[in-house]
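Here is the structure we will look at.
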Amino acid sequence: MESANEKMGNSLSSELSNTHSTLITYDSCAHHTESGWEFPVSGHLLGKKISRMRERFLNRLLLRFAQVDLTDQDSPEFALVQRRIQPFIRKAKKKVPIGVRLGGSYHKIASPTRRGGRFKTTINLSSQAVSAFLEYDTHSQPYLPIRGVADLEQTVTIPSRCYLVDPVGISVVTDIDDTIKDSQVLDRRQLLRNSFAQPYEPVKGMKEVFEAWQQKAVKFHYVSASPWQIYNELHPFLDHTGFPGGSFHLRQFTLKGQVIRKLIRRRYQKKRTQIESLLQRFPRRQFVLIGDSGEHDSDIYGSLARQYGEQVRKIWIRSLAGNPLDLTRSLEAFRDVPKTTWRIFHEASELSL
Numbered sequence: 001m002e003s004a005n006e007k008m009g010n011s012l013s014s015e016l017s018n019t020h021s022t023l024i025t026y027d028s029c030a031h032h033t034e035s036g037w038e039f040p041v042s043g044h045l046l047g048k049k050i051s052r053m054r055e056r057f058l059n060r061l062l063l064r065f066a067q068v069d070l071t072d073q074d075s076p077e078f079a080l081v082q083r084r085i086q087p088f089i090r091k092a093k094k095k096v097p098i099g100v101r102l103g104g105s106y107h108k109i110a111s112p113t114r115r116g117g118r119f120k121t122t123i124n125l126s127s128q129a130v131s132a133f134l135e136y137d138t139h140s141q142p143y144l145p146i147r148g149v150a151d152l153e154q155t156v157t158i159p160s161r162c163y164l165v166d167p168v169g170i171s172v173v174t175d176i177d178d179t180i181k182d183s184q185v186l187d188r189r190q191l192l193r194n195s196f197a198q199p200y201e202p203v204k205g206m207k208e209v210f211e212a213w214q215q216k217a218v219k220f221h222y223v224s225a226s227p228w229q230i231y232n233e234l235h236p237f238l239d240h241t242g243f244p245g246g247s248f249h250l251r252q253f254t255l256k257g258q259v260i261r262k263l264i265r266r267r268y269q270k271k272r273t274q275i276e277s278l279l280q281r282f283p284r285r286q287f288v289l290i291g292d293s294g295e296h297d298s299d300i301y302g303s304l305a306r307q308y309g310e311q312v313r314k315i316w317i318r319s320l321a322g323n324p325l326d327l328t329r330s331l332e333a334f335r336d337v338p339k340t341t342w343r344i345f346h347e348a349s350e351l352s353l
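When you line the sequence shown up against the working numbering, it's residues 1 to 353, in that order.
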């Protein structure tokens, strides 16, 4: 049930409440069904209490491994680090009943929050109900707003959007790190530094290309092996930079055991599973897959193209200086994939649908 003390958060804010629990839902995409639309809903419930042990660990990690100077507590870098580590150090709220407000009605989620405060469900609405509450973002994309409701006193809600994706059309599935955001994944120290202590920077020209494609009714799906804890920083960065809205697909991560390796390790099988789910949910759509040569994007995309050849319209791999996609790697990754399907690019201006 909705608490009388519940306050509405800003969906574009990266700040978590210091005095209340925070209920976050993530931008997603709905697909058409015989009776209307199906809306996937997922999110996390974080408490206001902080794990000081996790806080000390992350600060030490950034100080020693990533060489981030945290001695000046008045510096912008220190403030940025303390803000970005919040989702990692907040204690999750488990076994809390959750509901969702969507399409003008309240929907109770069958299971309470799980480990890490996570919850997920799907909600089906008639086309009539969807039309009555449809809204449009700044790029004129239709969506329904989602707001979680916790059976908990003093909860700030950070709402989200579920974009409507038609059965037929073109979808762009894009990696984030080093594809549209400069992260330097190949340098683990620099990756941590850029993730926690530096302002995010877009890859030059990608926003303009995506904006042009959005004018052609292309839909976007942002898929990354990065942990969900960066969502509250990543979402406003992409929005303020001007990237079109779309669904987000990040990996589950818990700050326990073998933490250094878990934090910087990329879980690529999960990434493949997330993209495959999109291909299966939208079997009549054409997909453009965009990634980089840093690690495994070419292998994942090549594998998907072999299995879903009729749906994979084109594959674009951004060449990174530190690990370019050479002939041997490309021939192995795109084995049995038509040469006309995949391309390597250096500048955003080379991209096409």
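All residues carry an ideal CB built from backbone N, CA and C; glycine is no exception.
Counted as a single uninterrupted DSSP element, the alpha helix (DSSP H) harbouring His240 occupies residues Tyr231 to Thr241. Just so you know, the alpha carbons of Lys339 and Ala129 end up roughly 45 Å apart.
Ile317: member of the beta strand (DSSP E) spanning Val312 to Arg318, first to last residue.
A contact between stretches requires three or more CB pairs, one per stretch, nearer than 8 Å, and the segment 174 to 182 fails this requirement with the segment 36 to 44.
Note on Glu350: under 16 other CB atoms within 10 angstroms of its CB, so exposed under the neighbour-count rule. With a contact defined as Cβ atoms closer than 8 Å, Leu134 and Pro142 qualify at about 5 Å. For Phe210, the enclosing alpha helix (DSSP H) begins and ends at Met206 to Gln214. Taken in chain order, the segment 8 to 60 contains no complete alpha helix (DSSP H) segment of 4 residues or longer. The alpha-carbon separation between Ser330 and Ser247 amounts to approximately 29 Å.
Judged by DSSP secondary structure, Asp297 falls outside any beta strand (DSSP E) and instead within the alpha helix (DSSP H) spanning Asp297 to Gln307. Three or more pairs of CB atoms, one per stretch, sit closer than 8 Å, so the segment 187 to 206 contacts the segment 57 to 73. The continuous stretches of alpha helix (DSSP H) do not include Ile290, which lies in the beta strand (DSSP E) extending over residues Gln286 to Asp292. Rounded to the nearest whole angstrom, the CA to CA distance from Glu208 to Arg343 is 19 Å. Excluding residues up to 5 positions away in sequence, Lys48 and Val156 lie with their Cβ nearer than 7 Å to the Cβ of Ser17 in the same chain. Gly309 and Gly302 have their C-alpha atoms spaced approximately 10 Å apart. The C-beta of Asp69 has fewer than 16 other C-beta atoms within 10 Å across all chains shown, which makes the residue exposed. Around the beta carbon of Pro76, fewer than 16 other beta carbons sit within 10 angstroms, so the residue counts as exposed. Asp182 and Ser35 have their alpha carbons spaced roughly 42 Å apart. Residue pairing from DSSP places Tyr106 in a beta bridge opposite Arg101. Here Asp297 is buried, its C-beta having at least 16 other C-beta atoms within 10 Å. The alpha carbon of Tyr222 has as its nearest neighbour, out of Tyr231, Gln215 and Asp137, the alpha carbon of Tyr231. In chain order, Pro167 place their CB closer than 6 Å to the CB of His32, counting only its own chain and leaving out the 5 sequence neighbours on each side. A Cβ-Cβ distance of about 7 Å is found for the pair Ile109 and Val100, placing them in contact under the 8 Å criterion. In the structure shown, Gly148 falls within a strand segment according to DSSP collapsed to helix, strand and coil.
Around the beta-carbon of Ser111, fewer than 16 other beta-carbon atoms lie within 10 Å, marking it exposed. Looking at His240, Ser126 and Trp213, the one whose alpha-carbon comes closest to that of Phe287 is Trp213.
With fewer than 16 other CB atoms across the displayed protein chains lying within 10 angstroms of its CB, Arg115 is exposed. Counting along the chain, no beta strand (DSSP E) covers Thr340, and no H or E run does either. Here Ser247 carries a strand assignment [DSSP, helix/strand/coil]. Here the C-alpha atom of Ser352 lies approximately 44 Å from the C-alpha atom of Ser21. With a cutoff of 7 Å on beta-carbon distance, Leu325 and Ile317 are scored as near each other. Taking the Cα positions, Trp228 is about 14 Å away from Phe196. Under the three-state reduction of DSSP, Val81 is assigned to helix. Counting along the chain, the unbroken alpha helix (DSSP H) around Ala132 starts and ends at Ser127 to Ala132. Here the C-alpha atom of Ile123 lies approximately 8 Å from the C-alpha atom of His107.
For Tyr222, the enclosing beta strand (DSSP E) has its first and last residue at Lys219 to Pro227.
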